[in-house]
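As C-alpha cells, the structure follows; a few thoughts come after it.
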C-alpha cells in the first residue's frame, strides 16, 4: 500500500482505490479472504499501515461481452492503430479485463507484447496507437510527454445560442483519489481546450444539439466532459456530468457522444508526419 493515504483502515483504502467495487471488498474482508504478508487476516478494523502488503483471492466474475468490433486503421511491424468502440476499456481495469482493447488485440492478432501508447476512457471511442514491441514504447510515449501530438476530438452536446465559438476554455481540474468524478475548482488553470462549433443537429425529440470539434492542450481526467459541462452544454450520454449515474452492466444503448476523431504526430523513427482518423459516425441513433 502507498506510503501516504487518508484511509484510516485497510478496508477503507481498498474501497477508495476501487470505488466501484465497495460491496466486493466488504464481502472479501468479511469472509477473511484478505490477509497481510504474514498471512494474518485483515478485518474491517485493521488500521491502515503504509508500505504494508495485502493479498486477496477472488474469482473474476463473468464479463459481459461488448457487442462492438475494433476497427484496425493501420498496422505495420512497429505500430498498430485502432478505432476503439464505445464501452470497451483500453487496458484491463476493475471488472473489465478480457473485455479490453489490449487483451482482445493480443489474443486475436497474436501480439503478446502489444501495448497502448496512450489511453481513452472506456466510454470514449476513437483513435488509439499501440506499439508492437517493447523497445518502441519510450519513443512514442515521449511524443505525448513532450506534447508533440495533435489530438482532435469530436462531441455532440447541448447548444446555447448565447455562447460564441471558437473559444478557449481554461480551468483548474481536481480529481480526488477514490471519487468517480472530477471537479473544477478555484486556482491557477491546469487544463486548456480549444472548442469549435461545427454544425447544429436535431435529435429524435426535436432538441437542438451541437457538433463540436475540440483540441485539448492538456490531458486532465475528464477534461473535455468538464469543459463542455461548465458551459452548460454537457455531452449527450454523459452519465458523470452534470450528475453522476452509475452505469448499468450490459446496457450499451446510450453511448457517450465523445470521439477521439484524429491523431497527428511526427513519427519518432522516420520524422514523417502521420495522421490517423476515426471513421465512426458519432450522430448515429440520435
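Residue numbers (UniProt numbering): 1 to 286.
By construction, the Cβ of each residue, glycine as well, lies at the ideal position given by its N, Cα and C atoms.
A quick note: this is a predicted structure, and the numbers were derived from the prediction, not measured.
| message | Assuming the contact rule is C-beta atoms closer than 8 Å, residue 264 and residue 213 should be a hit. Round their C-beta distance to whole Å, please. | response | That pair is no contact at about 14 Å.
| How is the beta strand (DSSP E) around residue 16 delimited, first residue to last? | Careful: residue 16 lies outside any beta strand (DSSP E), inside the alpha helix (DSSP H) at 10-17.
| What's the C-alpha gap between residue 202 and residue 166? | 21 Å
| Counting Cβ pairs closer than 8 Å, one from the stretch 67-74 and one from the stretch 36-51, do we hit at least three? | no
| field | As assigned by DSSP and simplified to three states, the class of residue 95 | value | coil
| request: Could you pull out every residue in the same chain whose Cβ sits closer than 6 Å to the Cβ of residue 185, ignoring the five residues on either side in sequence? | output: 172, 174
| said: Measuring CB atoms only, is the stretch 103-117 touching the stretch 154-164, in the sense that at least three cross pairs come out at less than 8 Å? | reply: no
| field | Helix, strand or coil at residue 20 according to DSSP, with G and I counted as helix | value | helix
| Delimiting residues of the alpha helix (DSSP H) encompassing residue 228 | 223-230
| query | Counting Cβ pairs, one atom from each stretch, are 3 or more of them under 8 Å apart for the stretch 227-240 and the stretch 190-198? | reply | yes
| request: Would you list the one or two residues that DSSP bridges to residue 196? | output: 213
| query | Exposed or buried, what is residue 57 when buried is set at 16 or more other beta-carbons lying within 10 Å of its beta-carbon? | reply | exposed
| Are the beta-carbon atoms belonging to residue 258 and residue 224 less than 8 Å from one another? | yes
| Can you give, in chain order, each stretch of the beta strand (DSSP E) that sits fully within the stretch 66-119 and has at least 3 residues? | 71-75, 79-84
| query | Thinking C-alpha only, which one of 55, 131, 22, 190 is nearest residue 38? | reply | 55
| Close-in-space but distant-in-sequence residues of the same chain around residue 146 (CB under 6 Å, 5 per side omitted) | none
| query | Do you know how far the Cα of residue 143 is from the Cα of residue 81? | reply | 15 Å
| task | Using only alpha-carbon positions, find the residue among 237, 2, 30, 91 that is nearest to residue 118. | result | 91
| query | With a Cβ-Cβ cutoff of 8 Å, do residue 127 and residue 281 count as a contact? | reply | no
| query | Candidates 178, 163, 32, 244: which alpha carbon is nearest residue 209's? | reply | 163
| task | Using three-state DSSP, classify residue 259 as helix, strand or coil. | result | strand
| query | Do the CB positions of residue 286 and residue 86 come within less than 8 Å of each other? | reply | no
| task | Compare the beta carbon distance of residue 113 and residue 134 with 8 Å and say whether it is the shorter of the two. | result | yes
| query | Taking just the CA atoms, how far does residue 73 sit from residue 284? | reply | 20 Å
| said: Give me the DSSP bridge partner(s) of residue 276. | reply: 263
| message | Using 8 Å as the threshold, is the C-beta distance between residue 98 and residue 63 below it? | response | yes
| query | Under a three-way DSSP split, which group does residue 203 fall into? | reply | coil
| request: Measure the alpha-carbon distance for residue 6 versus residue 22 and round it to whole angstroms. | output: 17 Å
| field | Span separating the alpha-carbon of residue 77 from that of residue 130 | value | 11 Å
| said: Quick check on the burial criterion: 16 or more other C-beta atoms within 10 angstroms. Buried or exposed for residue 273? | reply: exposed
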